[in-house]
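Counting in full-length UniProt numbering, the final residue of the sequence shown is number 59, and the numbers go up one at a time with none missing.
Every residue, glycine too, gets a C-beta built ideally from N, C-alpha and C.
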Amino acid sequence: MDIQFIASQLKHFDTFVTSIVDLFQGFPNLIADLADLFKNNAAGWGDTWEETKKIFENK
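Right under this line is the structure:
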């Protein structure tokens, strides 16, 4: 096989692995942010729900 081809494939693989690592490093933050939405029995969601309902009310 061509050495340059192998080198380019290894570079693409390195980029792929780096992207996967970046994705999983951010995952704990995503879980923490989602958990924050449910603090204090999901306080704040009631107001959000009421405001959302207003958007779809028949006028």
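The Cβ-Cβ distance between W45 and L37 falls below 9 angstroms.
It is roughly 27 angstroms from the alpha-carbon of I3 to the alpha-carbon of V21.
Taken through DSSP and simplified to helix, strand or coil, L37 comes out as coil.
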